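Visitor: The sequence shown stops at residue 236 when you use the working numbering, and every number in between is there. One structure coming up, written as structure tokens, with questions to follow.
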Amino acid sequence: MIPSDTAPHSADPDIAANLAEVQAKVAEAARAAGRDPAAVTLVAVGKTFPADHMLPALNAGQRAFGENRVQEAEEKWPGLRTRFPDLRLHLIGPLQSNKVRKAVDVFDVIETVDRPKLARALANVMAETGRRPDCFIQVNTGAEDQKAGVLPQHADAFIAQCRDDFALPVTGLMCIPPVDEEPSLHFQLLAEIAKRNGLAQLSMGMSADYEIAVAFGATHVRVGSAIFGTRPKPA
Ligand SMILES: *Cc1c(COP(=O)(O)O)cnc(C)c1O
């Protein structure tokens, strides 16, 4: 094997095994919570890893993937989609208004709708292209300054605006809890906001806490490093 310091992206032979383990834990967490394991979609987060690292997961039947950057997704996924046309690509990172056109083209689900300007831009591009990716509203449950997402106290009004004014196909909510807080409080808050707004889908839980998220009703867990390995540190 090539030493990892010279080839930080060399294919991890364990991707398929890691994936199977995460799938099993998701299913177990669902059963423990009295939920149907089929009600939870594992979104495999491939960011920073090249296309060939997606193949072991695709070959094992994994079809939902997450990326946090539009440009990276544009480079990585069209080729894979030709071979696996039924895959579903989720945007889980911040979306700038000037990248909306590309995002609508590349993604099947946009999980990070969080402000009126973006909602309006999405509505315009959807009307123009006829492509309508599912939209999740990102909620900044920890009210962190540096984090994207609508504040919890503004969530109901923003959800209504997205549906009524912009006619976006809003199907769920997404959150990223603060790193140093008990995630379950945030998962519970997100679930409450979804329930009172009649939204069925909840994207919450990452490698460190996806089992907890499933216990609190996650329909989508976004798991990266537990499947693909540790990402190189950002420069
Ligand atoms: C990177 C990322 C994940 C996956 O994180 P892991 O801890 O590697 O599982 C999930 N959600 C978002 C929004 C991310 O940016």
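We put the beta carbon where it would ideally sit given N, CA and C, even for glycine. Just so we're clear, the structure is a prediction, and the values are computed from it rather than from any experiment.
Whole-angstrom Cβ separation of A40 and T220, contact assumed at under 8 angstroms?
Guide: Confirmed, about 6 angstroms.
Visitor: So, for P237: in the same chain, excluding its five sequence neighbours on each side, which residues have a beta-carbon less than 7 angstroms away from its beta-carbon?
Guide: Here the chain covers residues 2 to 236 and nothing more, so residue 237 does not appear.
Visitor: Label E193 either buried or exposed according to how many other C-beta atoms from any shown protein chain fall within 10 Å of its C-beta, with 16 as the threshold for buried.
Guide: exposed
Visitor: In whole angstroms, what is the alpha-carbon distance linking A34 and Q63?
Guide: Straight-line Cα distance between these residues: approximately 23 angstroms.
Visitor: Check S204 in the structure and name its three-state DSSP category.
Guide: Reduced to three states, the DSSP call for S204 is strand.
Visitor: Per DSSP, what kind of secondary structure is P233 in: helix, strand or coil?
Guide: Three-state DSSP puts P233 in coil, outside helix and strand.
Visitor: Give me the residue from V171, Q97 and N141 with the minimum Cα distance to L200.
Guide: V171
Visitor: Could you compute how far the alpha carbon of R164 sits from the alpha carbon of V101?
Guide: 18 angstroms
Visitor: Relative to ligand 1, is the shortest distance from any of its heavy atoms to the C-beta of R89 smaller than 7 angstroms?
Guide: no
Visitor: So, helix, strand or coil for L191, using DSSP?
Guide: helix
Visitor: Is V105 near V71, with beta carbons less than 8 angstroms apart?
Guide: no
Visitor: Restricting to Cα atoms, I'd like to know which of Q154, F217, A128 and E68 is closest to V27.
Guide: The residue from Q154, F217, A128 and E68 with its alpha-carbon nearest to that of V27 is F217.
Visitor: Whole angstroms are fine: how far does the CA of R121 sit from the CA of S185?
Guide: Rounded to the nearest angstrom, the two C-alpha atoms are 32 angstroms apart.
Visitor: Could you pull the start and end residues of the beta strand (DSSP E) that L174 belongs to?
Guide: V171 to M175
Visitor: Which runs of the alpha helix (DSSP H) at least 4 residues long sit entirely within the segment 67–153? Give them in chain order.
Guide: Runs of the alpha helix (DSSP H) inside the segment 67–153: 71–84, 101–107 and 117–130.
Visitor: From the DSSP output, which residues share a beta bridge with V222?
Guide: Answer by DSSP bridge pairing, in chain order: L43.
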